[in-house]
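Participant: Quick one: this structure, given as structure tokens, is what I'll be asking you about.
Number of protein chains: 2
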Amino acid sequence: MAKEITSKSENYSQWYNDIVKKAGLAEHSAVRGCMVIKPYGFAIWEKMQSQLDSMFKATGHVNAYFPLFIPKSFLSKEADHVDGFATECAVVTHYRLKNGEEGQGLIVDPEARLEEELIVRPTSETIIWNTYRDWINSYRDLPVMINQWANVVRWEMRTRLFLRTAEFLWQEGHTAHATRQEAIDEAVQMQKVYADFAEEYMAMPVIKGIKTANERFAGAVDTYTIEALMQDGKALQAGTSHFLGQNFAKAFDVKYLNENNEEMHVWATSWGVSTRLIGGLIMTHSDDEGLVLPPKLAPIQVVIVPIPKPKEAIMTVANDIKARLESKGISVKIDDDSRKRPGFKFAEYEMKGVPVRLGIGMRDLEKDLVEVARRDTKEKNQVPLADIDSHIPQLLQDIQENLFQKAIQFRSDHSSKVDTWEDFIDALDNKGGFVSAHWDGTTETEIAIKNQSKATIRCIPQDEDNEKGSCILTGKPSARRVLFARAY
Amino acid sequence: MAKEITSKSENYSQWYNDIVKKAGLAEHSAVRGCMVIKPYGFAIWEKMQSQLDSMFKATGHVNAYFPLFIPKSFLSKEADHVDGFATECAVVTHYRLKNGEEGQGLIVDPEARLEEELIVRPTSETIIWNTYRDWINSYRDLPVMINQWANVVRWEMRTRLFLRTAEFLWQEGHTAHATRQEAIDEAVQMQKVYADFAEEYMAMPVIKGIKTANERFAGAVDTYTIEALMQDGKALQAGTSHFLGQNFAKAFDVKYLNENNEEMHVWATSWGVSTRLIGGLIMTHSDDEGLVLPPKLAPIQVVIVPIPKPKEAIMTVANDIKARLESKGISVKIDDDSRKRPGFKFAEYEMKGVPVRLGIGMRDLEKDLVEVARRDTKEKNQVPLADIDSHIPQLLQDIQENLFQKAIQFRSDHSSKVDTWEDFIDALDNKGGFVSAHWDGTTETEIAIKNQSKATIRCIPQDEDNEKGSCILTGKPSARRVLFARAY
């Protein structure tokens, strides 16, 4: 089975597609650009959702649900926002089909044309801020801290499963605050929540930074981002949190009376992560045998493969181990399908990235041993049956930590600091990854660099010192280094 | 605050709307027919989702996600199905907006017309069965047991919050089986899951039955339903589970090779419940003071209202009780907002249907007592502080059970068995509720009865004996009684 996937070095893009397909994560649907998220892929999303949702609630947010459709006129109200989304949106124009005459089959009923076209939400700032106008009157109504789990549609022409699809699943937080500083603090807090989730659960190291004007969200004053590095040396924007200033409050006339009875516009944030994270997860850890999953997000953490005979004796041990591990909160699957050989199953669960595999056979059992194989390093050990309860939880922790350290090492091996254009191009072409360099701060130069190198400014890192220098392209003064990469 | 809602007897429909609004559950949005589910309403939905999801998983189902859009041609493939949905669907015809010339503002770009129109899913049988064709080849691939949590759109002209909206949230299960009997068993099993959920969690008694041909789902061979009774004597279809026969397998050419290597069409079911359940929950239990929630679905099970002074001593006790109850898995909120008086808070939490309220004041505390008020009966008791830990869990159980028994009693008081047309109309007009009567079994008579009485056949109950008789309208022979009601 493992033989069926293209190796990473041979064709990275095909390797990715092969894993998505062979591990049963997702597939293209009959609808252009839309994917089907298959049960195993969706189970990973459920684990992500559940963890993120509890982190959102722990930081004071509640969930709600706003309409799928946005009136066309709403989209136009915030000037930058409409420019960002109008050219790639699904437009509902009619509300009825009918049988055409003369055997045309089902046609759109021309008499059922909407007075105003509706846009399938590409993001919900406009419909939500139109709603907040009625909810917010006084400082007592603030802050409003709402999150929504939803599907959104952006009509992308070139799509890739999980990474870029016309429809995707995400969460979008939309908060309203009395002061500028409180909104900025919220945007930064949610960026931190995303970074913590990426590193602690996905085992995917990220760099926290601020987007340049050219790369920020349409309608934002500042976009805070987390940027990860994939194994082909390309960067992935994994989550963004926006300080929206008063842009949407002004566009939708959302004001509140402060404690001095003065009317003020409300300050806003929005923040989101999507099923794109699954793409990032796959590309951070997987190898030529298939998917590799960090234990904290693996739908099945331990798979038990019983060697077929003698069935009863082996199954008794397997069921006992399963019960013991489940009582510790570990998810366990026993695969006793008698139509498949153990070797076939080994390859199958490697492909699916199950972190730990236990092989239970009579020869080992006679010595009170169980074979424990870890997916990340492919090491195998004989572990005494009596030690399984303590060994497995520790092993899952070790795997989680090992994946994270390996990813940090990869990023460190693929990060450069350069001061000349030649070194910049050399780093991008020959090493890939993040390149820290000076830039003169203008959008003009940023675009020129992109056109000449295919690298974009991923972010202005938040946690580095300001070191002055000269722009690698123009030689003009630069206030600090920024981080470039070729990106998804 | 309680004074602000219309009484049930004065205007039932306005009473419902008032509760939805004043309890902060939902509101109409700027988009015709679409609702905003507010945080408190959504929290109830989250409780429902979480419980249903675990029941689906316990019966062997997994979640997945299929596209929002359905190509127009797919909808036409199953003849009954298209008749059921074509006249009320949102149609996407274009994928881009642009700035119009001469100051028209944003317009639909006529050059971005889709080759084939896309329908926003009203239900997903077609796109899912088109997908299953590639997933199912052999009996080894069966059964497929998938559920999806999603939004759907049906372009309803007359909408009511939760009960009937253009967009709503739901789950839709879609299963594929090797045999007819297995599919029927699955459809019946899921009807039972819905009934168990309604009765055990919503405390809403339901009748299980089969829909007549005229009332069944478009594309189903048989529709299994659960029917509840609201306090205005109208029935509510609360959930349906469909045995789809081979209709969709034939329409989408989904076949499998059986163990004898013969090619067979696959057998199907689908089943769903939606945010409509929240409407049913509200109308089953609430009263003229507002919402009444069964403890098992209440986002806040216990609210503690501290009498303001002396703050510190009271808050110490409040926090201690909260911690003790939370350790038993009970959700507790302390409302120590000093800007609102206790009396105001009492009315507010009555409106929101919080099952138990604890009032903590110094006068009681000196006697080591706490005031415990239950929302359902409005009884108040002084309970010794030391007994709170054992008293509250028991009280929550009692409330859950009391609400269920009360609803059963109401249904029993509003159920009739009649044998003549006069008694039939009399029961509907003067008692409301379910009316058990004989019907000759034809669609023609069913429609005639509906036109003359506004009552529909809610179901052919599954758990009653077959008693022969004569149709109340035509006098023709009837094989068994069926259940009529005016309905939502």
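Just so you know, the sequences run in chain order A and B. If you use this note's numbering, the first sequence corresponds to residues 376 to 863, in order. If you use this note's numbering, the second sequence corresponds to residues 376 to 863, in order. Cβ coordinates follow ideal geometry from the N, Cα and C atoms, glycine included. A quick note: this is a predicted structure, and the numbers were derived from the prediction, not measured.
Taking only three categories from DSSP, how would you classify Val457 of chain B?
Facilitator: In this structure, Val457 of chain B counts as helix in the three-state DSSP scheme.
Participant: With His660 of chain B and Leu493 of chain B assumed to form a contact (beta carbons below 8 angstroms), what rounded beta-carbon distance in angstroms separates them?
Facilitator: His660 of chain B to Leu493 of chain B, Cβ: 41 angstroms. No contact.
Participant: With the cut-off set at 8 angstroms, would you say Leu740 of chain A and Pro759 of chain A are in Cβ contact?
Facilitator: It is not a contact, given that the beta carbons lie outside the stated cut-off.
Participant: Can we say the stretch 582 to 590 of chain A touches the stretch 820 to 837 of chain A, given the rule of at least three CB pairs closer than 8 angstroms?
Facilitator: Judged by Cβ distances under 8 angstroms, the stretch 582 to 590 of chain A makes contact with the stretch 820 to 837 of chain A, as three or more pairs qualify.
Participant: At a CB distance below 9 angstroms, what residues from the stretch 458 to 474 of chain B approach chain A? Give them in sequence order.
Facilitator: The stretch 458 to 474 of chain B vs chain A, Cβ under 9 angstroms: Phe460, Ala461, Thr462, Glu463, Cys464, Ala465, Val466, Val467, Thr468, His469, Tyr470, Arg471, Leu472, Lys473, Asn474.
Participant: What does the alpha-carbon distance come out to for the pair Ala578 of chain B and Thr752 of chain B?
Facilitator: Approximately 15 angstroms between the Cα atoms of the pair.
Participant: To be precise: take each residue of the stretch 536 to 555 of chain A, compare its Cβ to all Cβ atoms of chain B, and keep it if any distance is under 7 angstroms. Which residues remain?
Facilitator: Result list: Glu542, Leu544.
Participant: Shorter than 8 angstroms from the beta carbon of Cys834 of chain A to some beta carbon of chain B?
Facilitator: No, no contact with chain B.
Participant: Determine which residues share a DSSP beta bridge with Val729 of chain B and list them.
Facilitator: Paired residue(s): none; Val729 of chain B is not in a bridge.
Participant: Would you identify the three-state DSSP class for Asp597 of chain A, choosing helix, strand or coil?
Facilitator: Strand at Asp597 of chain A.
Participant: Nearest by alpha-carbon distance to Ser649 of chain A: which of A:Leu544, A:Glu379, A:Lys473, A:Asp840 is it?
Facilitator: Selected option, being the one with the closest Cα: A:Leu544.
Participant: Is Thr468 of chain A helix, strand or coil by DSSP?
Facilitator: Three-state DSSP puts Thr468 of chain A in a strand.
Participant: Could you list which residues in chain B have their beta carbon closer than 8 angstroms to that of Ile502 of chain A, in chain order?
Facilitator: Under the 8 angstroms cutoff, chain B gives Ser404, Ala405, Val406.
Participant: According to DSSP, simplified to helix, strand and coil, what is Leu672 of chain A?
Facilitator: Correct three-state label for Leu672 of chain A: helix.
Participant: Taking the continuous alpha helix (DSSP H) assigned at Glu701 of chain B, which residues delimit it?
Facilitator: Looking at the DSSP string, the run of the alpha helix (DSSP H) that includes Glu701 of chain B is 686 to 701.
Participant: Just to check my reading of the structure: Thr498 of chain B and Phe449 of chain B have Cβ atoms closer than 8 angstroms, yes? What is that Cβ distance to the nearest angstrom?
Facilitator: With 8 angstroms as the limit, Thr498 of chain B and Phe449 of chain B do not qualify as a contact, their Cβ atoms being about 12 angstroms apart.
Participant: Counting only Cβ pairs nearer than 8 angstroms, list the residues of chain B close to Phe623 of chain A.
Facilitator: Correct list: empty, because the minimum Cβ distance to chain B is about 15 angstroms.
Participant: Could you check how far apart the C-beta atoms of Met410 of chain B and Ala398 of chain B are, in whole angstroms? I think they sit under 8 angstroms.
Facilitator: Met410 of chain B to Ala398 of chain B, Cβ: 14 angstroms. No contact.
Participant: Out of A:His436, A:Leu858, A:Lys792, which has the shortest C-alpha to C-alpha gap to Val568 of chain A?
Facilitator: The candidate whose alpha carbon is nearest that of Val568 of chain A is A:His436.
Participant: What residues match up with Met337 of chain A in a beta bridge as DSSP calls it?
Facilitator: Nothing about residue 337 of chain A can be reported from this structure: the residues present for chain A run from 376 to 863 only.
Participant: Taking one C-beta from the stretch 638 to 652 of chain A and one from the stretch 700 to 719 of chain A each time, how about it: are there three or more such pairs within less than 8 angstroms?
Facilitator: Cβ pair count under 8 angstroms is below three, so no.
Participant: Residues of chain B with a CB under 9 angstroms from the CB of Lys877 of chain A: which are they?
Facilitator: Since the displayed chain A opens at 376 and closes at 863, residue 877 of chain A lies outside it and no answer follows.
Participant: Can you tell me which of the three DSSP states Leu828 of chain A falls into?
Facilitator: It is worth fixing the name first, because residue 828 of chain A is Ser in this sequence and not Leu. Looking at Ser828 of chain A - three-state DSSP - the assignment turns out to be helix.
Participant: Report yes if the CB atom of Leu632 of chain B is closer than 8 angstroms to the CB atom of Tyr514 of chain B, and no otherwise.
Facilitator: Taking 8 angstroms as the Cβ cut-off, Leu632 of chain B and Tyr514 of chain B qualify as a contacting pair.
Participant: Residues in its own chain within less than 7 angstroms of Ile767 of chain B by CB, not counting five upstream and five downstream?
Facilitator: Taken in chain order, the residues that qualify are Val677, Leu700, Ile705, Val731.
Participant: Whose Cβ in chain A lies nearer than 8 angstroms to the Cβ of Ala418 of chain B?
Facilitator: Under the 8 angstroms cutoff, chain A gives Val437, Asn438.
Participant: Please check if any C-beta of chain A sits within less than 8 angstroms of the C-beta of Thr506 of chain B.
Facilitator: Output row for Thr506 of chain B: interface = yes.
Participant: Spell out whether any CB of chain B is found under 8 angstroms from the CB atom of Lys413 of chain A.
Facilitator: Yes - at least one Cβ of chain B is within 8 angstroms of the one on Lys413 of chain A.
Participant: Please report whether the beta-carbon of Pro670 of chain A lies at a distance below 8 angstroms from any beta-carbon of chain B.
Facilitator: Not an interface residue.
Participant: What residue from B:Gln837, B:Gly850, B:Thr817 has the CA that sits closest to Ala570 of chain B's CA?
Facilitator: Ranking B:Gln837, B:Gly850, B:Thr817 by Cα distance to Ala570 of chain B puts B:Gln837 first.
Participant: Below 8 angstroms between beta carbons is the criterion; list the residues of the stretch 516 to 532 of chain A that meet it against any residue of chain B, in chain order.
Facilitator: Answer set for the stretch 516 to 532 of chain A: Ile521, Ala525, Asn526, Val528, Trp530.
Participant: Under the DSSP definition of a beta bridge, which residues are partnered with Lys583 of chain B?
Facilitator: In the DSSP output, where bridge partners are listed per residue, Lys583 of chain B has B:Ile601.
Participant: Among A:Glu491, A:Arg738, A:Glu453, A:Gly416, whose alpha-carbon lies nearest the alpha-carbon of Trp504 of chain A?
Facilitator: Closest option to Trp504 of chain A, Cα to Cα, is A:Glu453.
Participant: In this structure, does DSSP put Ala377 of chain B in helix, strand or coil?
Facilitator: Bear in mind that the predicted position of Ala377 of chain B carries a pLDDT of just 46, short of 50, making it unreliable; the figure below should be weighed with that in mind. Correct three-state label for Ala377 of chain B: helix.
Participant: Anything in chain B within Cβ reach of Phe719 of chain A, meaning under 7 angstroms, just list it in chain order.
Facilitator: The premise fails here: Phe719 of chain A is roughly 13 angstroms from chain B at the closest Cβ pair, so nothing lies under 7 angstroms.
Participant: In the structure shown, what three-state DSSP assignment does Val629 of chain A receive?
Facilitator: Three-state result, Val629 of chain A: coil.
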